[in-house]
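The listed protein sequences derive, respectively, from chains A and B. Note that our numbering has the first sequence beginning at 6, numbered continuously upward. Note that our numbering has the second sequence beginning at 944, numbered continuously upward. Backbone N, C-alpha and C fix where the C-beta goes; we use that ideal spot for every residue, glycine too. Comments concern the structure below.
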Amino acid sequence: MLHIYRILFNTGMAVMMQYRAAMAIWLIGLTLPPIIYLVVWITVARSRGGEVGGFDPTELAAYFIATLVVNHVTFTWHMFEMGWRVRSGFFNPLLVQPLHPVHRDIVENVSYKTLTLFILVPLTAALVWHFEPVYSPQRWALVAFVFALVLAFFVRFFFEWSVALLAFWITDTSGLNNLYMFLGFFLSGRMAPLDLLPGWVQTVAYYSPFRWMLAFPTELLLGRLSEQEALYGIGAQLIWIAVGLGSMTLTWQRASARYSAVGA
Amino acid sequence: MTVIHSHSLSKTYRVPVREPGLGNALKSLFHRRMEDVEAVKGVSFDVEAGEVVGFLGPNGAGKTTTLKMLSGLLKPSGGEVEVLGSVPFQRHREFLRRITLVMGNRNQLVWDIPVADSFERNCAIYRLEREAFEQTVAGLTELLDLSKLLSKPVRNLSLGERMKCEIAVALLHRPQILFLDEPTLGLDVTMQRRIRTFVRDYNERFGATVLLTSHYMADVEALCKRVIVIHHGKLLFDGDLSALVERFSPHKTISVDLEREGMDLSAYGEVVSANGSQVTLLVSKEQTAQVTGRLLTDLPVIDLTVEEPPIEEVIEQVFSQQTAEPGVD
């Protein structure tokens, strides 16, 4: 399987390199929002005497720069493509090959992330230089962060692939995608640190998969979690991975049975 | 050995329907009307290893749907189907490694990378041995004249070039069964002939079974001894191509070359064409011998040939005999 992944990775990189402009535009679209939220929240903090909800400007900078990185590593785009794939017959050749289509999407995702690292790393360095964020994680938290980041990728990937598969039932999934993105925007901690949101939103986020896709690894990097909270969070991520994988497998079985193989 | 077994195979699509107009659009917001379209209705047949079988039928007959069910792309609504001992829709890896499906323009080549890279991808996906893979690529490159195409990105290839590469990439794992849906669609005559020759060679060399749909009768005549005719989702005929002509064509054509020009032969049969001294007549099968005798006795004949009508006409005849019904291909 590793050999298949290596070959798919190489071809994935080759394809991505054909679309450099599109790739750069996607990246701008991903990196601009956290920078805007950062500027807005710093302004709010300064207008309130230097902090908001226990976050001063350097901590806010640390949070939003970290979310930029975590979001980049974990985001997927298959929800926006799946409808087209179903309608155009793109799945036809994939379904008669001895490889589950999800493997291609995982490798394609990793190829994109690898290639865009060359832009993301200097961009993050520039933001760190400009906003002077403060990170104070202990060594164990850094290790836990890396582990949680990988798990966050799979939590998000499996859930979003499951949502994407609803395109087999719904002709136009853009509304559904927007609803999902809207929920994720609040509950994952992309709009603001979850500590700044009302208590009931924090509770909902805690019991949803969204928190474990973004806020949890970000808080680990910031050094805001205890060892017990970190272990509990990783456990939650593993549970959500199992739920996401189960949901994806079940949805795929039903979706492929329903597939009407349109297109030539 | 039977490699494909289909018994009462059927497929029904459920499709939304609504009348035109804003009012009906609004109504459909609250009540969506669905309709069942039976694309394939209880089709049964067996195919032996090494056979080349042509699927014939007009657009919407159900032949592509049948092919998709046999290859595992679609789940049948009813009936039984077994291909190489497997139930196709379960899509077991071992089964998928032994078949291939080539359909129109949407296939296995990756649009933005050179053809050779797509070959490498399939080598990995099908877990092929390096040596066997290289041998196959070399063989296909020679047979399909691909050497100048392998390093080009797929998007830069012409339709014919792309189709050759699509067929090659679909055969890298040396499948035992080839499902070919319109493999020569849109190609020029030379390229069509080349693809046909290649498919025949592949069938002979590897003993592979081929199921083919095509609107080009030349494909069917060149490759398929046996044909299965499907119309409105039902099997109309399954047998030798020659038997199809025998069964469905009540006429033969007599072409006569005369010593003199401008002679009226309408008394002998329906004049299909008259070009100077060359006249083509359409006569019923029962009268062929008698009309031939009369022509040779009555007229100054230089040459005379009796032929079956072109296969296209026979097929047209078959379909025109059926009641028109909507269908899904």
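Could you give the DSSP three-state label for residue i: helix, strand or coil?
i	result
lysine 1288/B	No statement about residue 1288/B is possible, as the shown extent of chain B runs from 944 to 1272 and does not include it.
leucine 65/A	helix
lysine 970/B	helix
methionine 218/A	coil
aspartate 1162/B	helix
glycine 1103/B	helix
methionine 6/A	coil
serine 141/A	coil
proline 1096/B	strand
valine 1244/B	strand
glutamate 1204/B	coil
phenylalanine 158/A	helix
phenylalanine 60/A	strand
leucine 248/A	Note on identity: in this sequence residue 248/A is valine, with leucine being the wrong assignment. DSSP places valine 248/A in helix when its eight states are reduced to three.
phenylalanine 95/A	coil
tyrosine 185/A	helix
arginine 1237/B	helix
Give every residue of the same chain whose Cβ lies closer than 8 Å to the Cβ of residue i, excluding the five residues on either side of it in the sequence, and list them in chain order.
i	result
phenylalanine 190/A	Met196
glutamate 1204/B	Gly1219 and Ser1220
Cβ of residue i less than 8 Å from any chain A Cβ?
i	result
lysine 1228/B	no
glutamine 1051/B	yes
leucine 969/B	no
serine 1185/B	no
lysine 1280/B	Nothing can be reported for residue 1280/B, as the shown portion of chain B is limited to 944 through 1272.
serine 1014/B	yes
aspartate 1055/B	yes
arginine 961/B	no
glutamate 1023/B	no
methionine 1046/B	yes
tyrosine 1069/B	yes
glutamate 981/B	no
tyrosine 1211/B	no
tyrosine 1145/B	no
glutamate 1256/B	no
glutamate 1077/B	no
tyrosine 1159/B	no
Our contact map puts residue i next to residue j with C-beta atoms below 8 Å; I'd like the distance itself, whole angstroms only.
i	j	result
leucine 952/B	proline 1019/B	6 Å
asparagine 1065/B	leucine 1115/B	5 Å
valine 1097/B	valine 1053/B	7 Å
isoleucine 1171/B	valine 983/B	Contact flag wrong, Cβ pair sits at about 12 Å.
valine 44/A	leucine 219/A	With 8 Å as the limit, valine 44/A and leucine 219/A do not qualify as a contact, their Cβ atoms being about 19 Å apart.
phenylalanine 158/A	leucine 225/A	Incorrect: roughly 14 Å between the Cβ atoms, too far for contact.
serine 1090/B	alanine 1059/B	So it is not a contact: roughly 11 Å between Cβ atoms.
arginine 1105/B	phenylalanine 1149/B	No, arginine 1105/B and phenylalanine 1149/B are not in contact; Cβ-Cβ is about 23 Å, not under 8 Å.
Which residue or residues does DSSP assign as beta-bridge partners of residue i?
i	result
methionine 957/B	It is worth fixing the name first, because residue 957/B is arginine in this sequence and not methionine. Asp979/B.
asparagine 1218/B	Gln1221/B
isoleucine 33/A	Bridge partners of isoleucine 33/A: none, in fact.
valine 1172/B	Leu999/B and Phe1180/B
serine 949/B	Phe988/B and Val1024/B
isoleucine 1042/B	Ile1120/B
proline 1126/B	According to DSSP, proline 1126/B bridges with nothing at all.
leucine 1155/B	Gly997/B and Leu1123/B
glutamate 1213/B	Leu1225/B
serine 1029/B	Val1026/B
proline 1057/B	Pro1096/B
valine 78/A	Paired residues: none, contrary to the question.
glutamate 1037/B	Partner(s): none; glutamate 1037/B has no beta bridge.
glutamate 1250/B	Thr1196/B
Between which residues of its own chain and residue i is the CB-CB distance below 6 Å, once the five residues before and five after are set aside?
i	result
arginine 216/A	Ala210
tyrosine 117/A	Met21
serine 1198/B	Thr1223 and Thr1248
serine 1029/B	His1035 and Phe1038
leucine 7/A	none
From the beta carbon of residue i, is the nearest beta carbon of chain C less than 8 Å away?
i	result
aspartate 1060/B	You won't find chain C in this structure, because its protein chains are A and B.
Taking 8 Å as the CB-CB cut-off, is residue i touching chain B?
i	result
leucine 182/A	Reading off the sequence shown, one finds asparagine at residue 182/A, where the question assumed leucine. By this cut-off, asparagine 182/A is not an interface position.
isoleucine 244/A	no
asparagine 97/A	yes
glutamine 23/A	yes
isoleucine 12/A	yes
valine 112/A	no
serine 265/A	yes
leucine 120/A	no
alanine 19/A	yes
alanine 260/A	no
glutamine 102/A	yes
threonine 16/A	yes
histidine 135/A	no
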